[in-house]
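For reference, the structure is listed below as structure tokens.
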Amino acid sequence: MFHLDTLSTLVAATLVLLLGRKLVQTVPFLKKYTIPEPVAGGLLVALALLALKKAWISKLISI
């Protein structure tokens, strides 16, 4: 497990927000149903972290 300091947390949150903004602009479904940018970005990052965690766990089990 790792810990982020205040500046790192702010940078990570800003990147997630910008990712969500770009995602909402490019995906018509998100724009049509007015999905908030932080929700879109946060969901994408959460799914990516889940996939990484599952891949890491399966890699550890196969060793």
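Per the working numbering, residue -2 is the first one in the sequence shown, and the count goes up by one each step.
Ideal placement from N, C-alpha and C gives every residue a C-beta, glycine not left out.
Residue i, buried or exposed, once every other Cβ within 10 Å from all chains shown has been counted against 16
i: alanine 48; result: exposed
i: valine 24; result: exposed
Whole-angstrom distance between residue j and residue i, CA atom to CA atom
i: leucine 7; j: lysine 51; result: 26 angstroms
i: threonine 11; j: glycine 38; result: 10 angstroms
i: leucine 40; j: alanine 9; result: 14 angstroms
i: lysine 56; j: leucine 46; result: 15 angstroms
i: tryptophan 53; j: leucine 44; result: 14 angstroms
Is the region 10 to 20 in contact with the region 32 to 51, if contact means three or more CB pairs nearer than 8 angstroms? yes
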